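What follows is a set of notes on a single structure, which appears directly below.
Numbering (the numbering used here), first residue to last: 6 to 216.
This is the structure in structure tokens:
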């Protein structure tokens, strides 16, 4: 795919959604961090339902830590892998208090040292909480990048690095949100909605679904 076509794709995505946002509900960087950890192999809708109650009871590292694993688990038991996630969130909260004065760090290395936080989660926090032009590649973005031809790659890391290289600078900050929403609602895994897609004529997918 040539640069002109990529630019046109992102121009259209921007025109359709000038200020894209995560669908996770949060008020602070810490709340977002908890929500993103919970969102692994879970829907944003399911996470929001659990955190609506959780954050009323505890929405700081100290308050979460005070709940303990069992206390936290009661709030998130509707979410897959909740036991492991509860342990990670408790350990993460303890580390924030011990090493970061209870604040979410703003650099990748420190974020990735937190339990339950990998590269993708760190990218989400850096982008959504701190406004850095990172791109967190999840299953939706990996699929869209490969299917459309925007940034094909065999691994998540390869796709991430290619996107950072080829997405025009003026679109890089919001590219993560545009691509994830496009993959979630239009360029779906089983049957992409090509007839309803605003970039269908620019997309290089060979097997477009008919109207």
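For every residue, glycine included, the Cβ atom is placed at its ideal position computed from N, Cα and C. A quick note: this is a predicted structure, and the numbers were derived from the prediction, not measured.
Closest in C-alpha terms to residue 49, from the list 204, 103, 189 and 200, comes 189.
By a beta-carbon distance limit of 8 Å, residue 41 does not contact residue 59. Their separation comes to about 14 Å.
If only complete runs of 4 or more residues are kept, the region 49-130 shows the alpha helix (DSSP H) at 49-62, 66-81, 87-104, 113-117 and 124-129, in order along the chain. If the five residues before and after residue 6 are omitted, its C-beta is found closer than 7 Å to the C-beta atoms of 154, 155 and 209, all from its own chain and listed in chain order.
The beta-carbon distance between residue 139 and residue 128, rounded to whole angstroms, is 4 Å. This is short enough to meet the 8 Å contact definition.
Relative to residue 47, the option among 133, 79, 67 and 83 whose CA is nearest is 83. If you check the CB distance, residue 10 and residue 186 do not come in under 8 Å. For the 8 Å CB-CB criterion, residue 36 and residue 53 do not form a contact.
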